[in-house]
Amino acid sequence: MTQNYAICTFPFNAAQINMCGDVYVCCPPWCRSYSFGNIFEQSFDEIWNGERAREFRRQFINNDYKYCNLNLCVKDCSKNIISSETADKPETFIFCYDSVCNVKCIFCRSCHEKQDLSYFDENMDSIILNMLENAKNVVLSGVGEALFSLHSRKLIKRISRLFPQIKFSLITNGILCDKKNLDELDITDKLLSVTVSLHAVKKQTYDKLVKNGDFEAVIKNLRFLSELKKQGKLEKFILNFVVNAYNYREMAEYIKIADLYGASVGFLELLKLETNENVFDELNICNEKHPKYNDFVKIMKNPVFKSGKCTINEEMLNLKPISIFKVLKYRFFK
Numbered sequence: 001m002t003q004n005y006a007i008c009t010f011p012f013n014a015a016q017i018n019m020c021g022d023v024y025v026c027c028p029p030w031c032r033s034y035s036f037g038n039i040f041e042q043s044f045d046e047i048w049n050g051e052r053a054r055e056f057r058r059q060f061i062n063n064d065y066k067y068c069n070l071n072l073c074v075k076d077c078s079k080n081i082i083s084s085e086t087a088d089k090p091e092t093f094i095f096c097y098d099s100v101c102n103v104k105c106i107f108c109r110s111c112h113e114k115q116d117l118s119y120f121d122e123n124m125d126s127i128i129l130n131m132l133e134n135a136k137n138v139v140l141s142g143v144g145e146a147l148f149s150l151h152s153r154k155l156i157k158r159i160s161r162l163f164p165q166i167k168f169s170l171i172t173n174g175i176l177c178d179k180k181n182l183d184e185l186d187i188t189d190k191l192l193s194v195t196v197s198l199h200a201v202k203k204q205t206y207d208k209l210v211k212n213g214d215f216e217a218v219i220k221n222l223r224f225l226s227e228l229k230k231q232g233k234l235e236k237f238i239l240n241f242v243v244n245a246y247n248y249r250e251m252a253e254y255i256k257i258a259d260l261y262g263a264s265v266g267f268l269e270l271l272k273l274e275t276n277e278n279v280f281d282e283l284n285i286c287n288e289k290h291p292k293y294n295d296f297v298k299i300m301k302n303p304v305f306k307s308g309k310c311t312i313n314e315e316m317l318n319l320k321p322i323s324i325f326k327v328l329k330y331r332f333f334k
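Next up, the structure:
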């Protein structure tokens, strides 16, 4: 008798390219940094159905998920029967190699201002554009600001011209996500989704987290994006929020703000990346050694976080309070 499994769609339909040219199916922390291969060393066709790709997909047949971090994963599953470890060329490409950005979030990596994209510029046709034969959706950019980077803007224009069937999903800080920029890139009517990383409800909190940001511009552009969604020109509108010690008290209010603009919410766990260690320790509210940890756990008991109004990983939802003895111990050793 054939058994059905809850199959993650990403390994069969999505490819993510990072700054070093490594190919993943989703964010590296979610897939335990399991790479299918590197586009600088092999052709994409060799990578996509190579041994490492087949091994990763095999876990769904074995039902063991040994390469997936299920605590972090924001699941995108379908109930299907696996018939093959190979897959057709993906319909979704996530380009996460361009980290050039116009702001500096204090919890983000530090390399985005100095990145050399000359190799990608010189090989755009032979490497990047040649992947998109079956593509229906291109996602830009999980590590920088595509609407600011000259390379990403050029890439968007090329894709829009050469592959008119492709729709775009933007991950943006929202400052430049206005009608003028979207019209200039010719993608106002080619948007599948826009994810705005705002991280705060209050300007004071935003300014602590985002250096060189513009809170008023982002709010103005949220209204613009809300109108696009109402007009049916935007299928998905998401507000992202990296949970940390500065903003965790605004989480429930953030959901209300998202409702106001017709957006859904994604709460993300703070990742180490290349953040200064002292800054990371100060912000990492999920660490039981943090002085505000128990307060955070208490806030996470709010039923709104399990109401379907947001996506949030199981690890944050299932945090347990620590005893007063542990609290005193951590304070003493600190």
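Under this note's numbering, the first residue of the sequence shown is numbered 1, with each subsequent residue one higher.
Just so it is clear, CB atoms sit at the ideal spot from N, CA and C, and this is done for glycine as well.
Given the structure is predicted, the values throughout are model-derived calculations rather than measurements.
| Query | Result |
| --- | --- |
| Cutoff 8 Å; reference Ile335; Cβ partners in own chain excluding five residues on either side | The displayed coordinates of the chain run from 1 to 334. Any statement about residue 335 would go beyond what the structure contains. |
| Boundaries of the alpha helix (DSSP H) in which Asp116 is found, first to last residue | Here Asp116 belongs to no alpha helix (DSSP H), and DSSP marks it neither H nor E. |
| Outcome for Ile47 when other beta-carbon atoms lying within 10 angstroms are tallied against a minimum of 16 | buried |
| Nearest-angstrom Cα separation, counted from Leu328 out to Phe148 | 47 Å |
| Cys20 burial status per 10 Å Cβ neighbour count (16 or more: buried) | exposed |
| Pairwise C-alpha distance: Ala15 and Phe168 | 15 Å |
| From Asn240, Tyr97 and Glu269, residue whose alpha carbon lies closest to that of Ile255 | Asn240 |
| Inter-residue Cα distance where the pair is Ser141 and Thr172 | 7 Å |
| Where Ser323 falls, given that 16 or more other Cβ within 10 Å makes a residue buried | exposed |
| Contact with chain D by Lys136, beta-carbon distance below 8 Å | The structure shown contains no chain D; it is built from a single protein chain. |
| 4-residue-minimum alpha helix (DSSP H) runs that sit fully inside the region 16 to 49, ordered along the chain | 44 to 48 |
| Alpha carbon of Val279 to alpha carbon of Asn71, nearest angstrom | 24 Å |
| Identified DSSP bridge partners for Thr172 | Val196 |
| Touch test, the region 237 to 251 against the region 280 to 295, Cβ-Cβ under 8 Å, three pairs minimum | yes |
| Pairwise C-alpha distance: Ile128 and Val25 | 16 Å |
| Test item: CB-CB of Val196 and Gly232 under 8 Å | no |
| DSSP bridge partner residues for Asn137 (one or two, in chain order) | Thr92 and Lys167 |
| Helix, strand or coil at Ala245 according to DSSP, with G and I counted as helix | coil |
| Classification of Asp22 by the beta-carbon crowding that lies within 10 angstroms, buried from 16 upward | buried |
| Cβ neighbours of Asn212 in the same chain (closer than 8 Å, five flanking residues each side left out) | Asn102, Val103 and Lys104 |
| Beta-ladder partner(s) of Gly266, from DSSP | Asn240 and Thr311 |
| Anticipated Cβ contact below 8 Å, Phe107 with Leu270, distance rounded | 6 Å |
| Residue burial classification, Asn18 (beta-carbon count within 10 angstroms, cutoff 16) | buried |
| Residue environment, Val384, which counts as buried when at least 16 other CB atoms sit within 10 Å | For residue 384 there is no data in the structure shown, the boundaries of the chain being 1 and 334. |
| Distance, His290 Cα to Phe325 Cα | 14 Å |
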